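Count the sequence shown with my numbering and you get residues 448 to 696, in order. Report on the following structure.
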Amino acid sequence: MDLPGGLITALKNADKVLVLTGAGMSAESGVPTFRDAQTGLWAKYRPEDLATPEAFARNPQTVWDWYEDRRKKVREVRPHAGHSALVEMEQHFSSFLLVTQNVDSLHQQAGSSDVVELHGNIMRSICSLTGKAIDADWISAHPGRPPASPHHARGLARPGVVWFGEALPEHVMKRALAAASSCDVCFSIGTSSLVQPAASLPFAALSAGAVIVEINPVPTSLSAAAQFSLQATAADALTAILAGLSRCR
Ligand code: OAD
């Protein structure tokens with residue numbers, strides 16, 4: 448694909464890069480997004496029935512089974528060329544932080560060295576009452592949907608993800624915000640820019656003077672503010688950007 452003029456130059460002049468990814472980053476691997484009409488998970492399910500602490504308290508089995516189903520699908524998918532391009536891009540900058548809203552580990556599978564998971568990880572389980580991590584071995588060795596928690600007599604295992612109405616782990620958001628306020632370039636890739644506080648990161652970077660590069664086939668509330676808004680898929684845009692960077696080395 449053709450890249451907008453000035454993009455590779457802006458990247459060549461950058462030392463510190465922050466990348467924020469969302470569900471659209473995983474779409475080309477076969478993981479459904481949340482808000483795309485027709486194919487998005489929230490077009491088929493109601494988040495308040497499946498992705499809140501109240502939903503889990505009301506019906507832990509329904510919530511657990513839904514996440515088990517998503518885990519099964521995530522186990523079957525593999526990173527795509529865009530994930531690999533982000534791994535290669537690390538070497539072009541002195542500082543490169545990847546912050547993701549995705550819970551599927553695809554960036555880690557691709558080989559990204561430092562990934563900040565804003566919304567947790569679907570493969571992990573935690574105690575519903577203490578928030579302490581529960582080993583996968585415990586989950587497979589204990590019956591129940593969900594199994595009981597080893598950490599509290601009345602606790603249950605629950606997915607290790609951040610649900611609506613829950614705060615993000617403080618240290619995680621702090622690190623992401625610090626990177627946003629000091630980066631030269633901030634990428635926003637495959638996110639609808641609707642969910643806070645993740646959506647605030649590119650705006651924080653913009654306020655601190657960073658160049659914003661958005662990659663999304665559909666315009667978002669960030670598009671007008673971004674210096675470069677690429678209406679393309681993550682795989683197409685990122686492979687083109689990596690090729691451009693490599694040519695200019
Ligand atoms: P959304 O589903 O809200 O947005 C996905 C975005 O990806 C949309 O703007 C699409 O246009 C775009 N997209 C689709 N295919 C793409 C592709 N091949 N390449 C690039 N972009 C593409 O997902 P998020 O913004 O990640 O939270 O949603 C944020 C949070 O809301 C999620 O982390 C999740 C959800 O509820 C939790 O589970 C806590």
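Note that beta-carbon positions come from the ideal geometry of N, C-alpha and C, so glycine has one too. Since the structure is predicted, the reported quantities are computational estimates derived from the model, not experimental observations.
With distances taken Cα to Cα, identify the nearest neighbour of lysine 519 among Leu648, Asp551, Phe503. Asp551
Integer-rounded CB distance, given that glycine 591 should sit under 8 Å from cysteine 574: Incorrect: roughly 14 Å between the Cβ atoms, too far for contact.
Count the other C-beta atoms from every protein chain shown that fall within 10 angstroms of the C-beta of leucine 641, then say buried if there are 16 or more, exposed otherwise. exposed
In angstroms, rounded to a whole number, what distance separates the CA positions of isoleucine 662 and proline 494? 25 Å
For proline 451, the three-state DSSP class (helix, strand or coil): coil
Determine which residues share a DSSP beta bridge with arginine 605 and list them. Ile573
Does the count of Cβ pairs from the region 602-614 and the region 498-511 closer than 8 Å reach three? yes
Assumed close pair serine 559, leucine 533 - CB separation to whole angstroms, cut-off 8 Å: 6 Å
Which of the three DSSP states, helix, strand or coil, is assigned to serine 552? coil
Compute the Euclidean distance between the alpha carbons of serine 668 and alanine 600, then round it to the nearest angstrom. 45 Å
Is alanine 557 buried or exposed, if buried means 16 or more other CB atoms sit within 10 Å of its CB? buried
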